[in-house]
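Report on the structure given below.
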Amino acid sequence: MTYRRDDAGAPPSLFPEYGSTRTRAPLHPPLRVPQTRTETTGPAGWDRLMGPALVDLTTQHGGVAQGQRIIVAGRVLDEDGRAVPDTVMEIWQANAAGRYIHAKDQWDAPHDPNFTGAGRVVTDAEGCYRFVTIRPGAYPWGNHHNAWRPAHIHLSLLGPAFATRLVTQLYFPDDPLIEIDPIANAVPMPYRQRLVARFNMGVTEPNRALGYRFDVVLKGREQTPFEEDDHDH
Numbered sequence: 001m002t003y004r005r006d007d008a009g010a011p012p013s014l015f016p017e018y019g020s021t022r023t024r025a026p027l028h029p030p031l032r033v034p035q036t037r038t039e040t041t042g043p044a045g046w047d048r049l050m051g052p053a054l055v056d057l058t059t060q061h062g063g064v065a066q067g068q069r070i071i072v073a074g075r076v077l078d079e080d081g082r083a084v085p086d087t088v089m090e091i092w093q094a095n096a097a098g099r100y101i102h103a104k105d106q107w108d109a110p111h112d113p114n115f116t117g118a119g120r121v122v123t124d125a126e127g128c129y130r131f132v133t134i135r136p137g138a139y140p141w142g143n144h145h146n147a148w149r150p151a152h153i154h155l156s157l158l159g160p161a162f163a164t165r166l167v168t169q170l171y172f173p174d175d176p177l178i179e180i181d182p183i184a185n186a187v188p189m190p191y192r193q194r195l196v197a198r199f200n201m202g203v204t205e206p207n208r209a210l211g212y213r214f215d216v217v218l219k220g221r222e223q224t225p226f227e228e229d230d231h232d233h
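Sequential numbering from 1 applies to the sequence shown in this note's numbering.
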């Protein structure tokens, strides 16, 4: 796992409480590799490349997804608080029972045939995004005795080029597991709070879904903590 180091809130590559970092943390200082043109430029128009956005993860498979429906909305901003438009935000998460839909997830929780936990949205001219999903469940992950990951949503942001991909996790404000989770706690306080979404009545829709706001700041003093590569499932 390699982390961005230009912000005080960036977690270290080696965090012993997070067991797998002991084997994959770098043993030598990083080398700067000059980027080529193919890494710093990208296609014009993500929709044409990736297809239309998948902004409602609860209606992709014909039936009703199980669990508490939520809406997540916010803005993607630069270090000066300016909107960052045309940013692809990829979304992946566990279902309401805390299970991912891939072969390596074999713990005893049910799959939901109407929810696969993957979506995508593109920010508008004001840097705004919005998606509808199911609040994910907690799940065991084997890092230590009785280890459970708090409910979270993985977000991958892709800017004007493939080399600009950034990965982070969104947590929920009422989750007691955050305080004892090694992955969350690898981000020092008070920066850890930047990973926690805020309940918002303005985003909440009557008789449909609870709403949360989560702004992503790409750089600067208010930068959201990022991972360049994510190995947790």
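Yeah, the Cβ is synthetic: ideal placement off N, Cα and C, and Gly gets one too.
Let's see if you can read the secondary structure: which residues bound the beta strand (DSSP E) around residue i?
| i | result |
| --- | --- |
| residue 168 | 166 to 171 |
| residue 184 | Not the beta strand (DSSP E): residue 184 falls in the alpha helix (DSSP H), residues 182 to 185. |
| residue 131 | 128 to 134 |
| residue 64 | Neither: residue 64 is in no beta strand (DSSP E) and is coded neither H nor E. |
| residue 91 | 88 to 93 |
| residue 120 | 118 to 122 |
| residue 156 | 152 to 158 |
| residue 211 | 210 to 213 |
How would you call residue i, buried or exposed, if buried means at least 16 neighbouring beta carbons within 10 angstroms?
| i | result |
| --- | --- |
| residue 123 | buried |
| residue 31 | exposed |
| residue 35 | exposed |
| residue 106 | exposed |
| residue 95 | buried |
| residue 88 | buried |
| residue 211 | buried |
| residue 166 | buried |
| residue 23 | exposed |
| residue 193 | exposed |
| residue 112 | buried |
| residue 152 | buried |
| residue 98 | buried |
| residue 117 | buried |
| residue 231 | Because residue 231 carries a pLDDT of 45, less than 50, the predicted location of this residue cannot be relied on, and the following value inherits that uncertainty. Counting Cβ neighbours within 10 Å, residue 231 comes out exposed, since fewer than 16 surround it. |
| residue 64 | exposed |
Helix, strand or coil for residue i, going by three-state DSSP, please let me know.
| i | result |
| --- | --- |
| residue 222 | coil |
| residue 230 | Because the pLDDT of residue 230 is 43, which lies under 50, any placement of that residue in the model is unreliable, and the number read from its coordinates should be weighed accordingly. Residue state, collapsed to three classes: coil. |
| residue 71 | strand |
| residue 31 | coil |
| residue 1 | Low per-residue confidence applies at residue 1: pLDDT is 32, beneath 50, and the placement is therefore not dependable, though the value from the model is reported in the following sentence. Note: residue 1 maps to coil in three-state DSSP. |
| residue 99 | coil |
| residue 149 | strand |
| residue 17 | coil |
| residue 198 | strand |
| residue 140 | strand |
Counting along the chain, where does the alpha helix (DSSP H) carrying residue i start and finish?
| i | result |
| --- | --- |
| residue 24 | 21 to 24 |
Regarding residue i and the ligand HEM, is the C-beta to nearest heavy atom distance less than 7 Å?
| i | result |
| --- | --- |
| residue 167 | For the structure depicted, the ligand HEM is absent and the ligand set is empty, with no information on it obtainable. |
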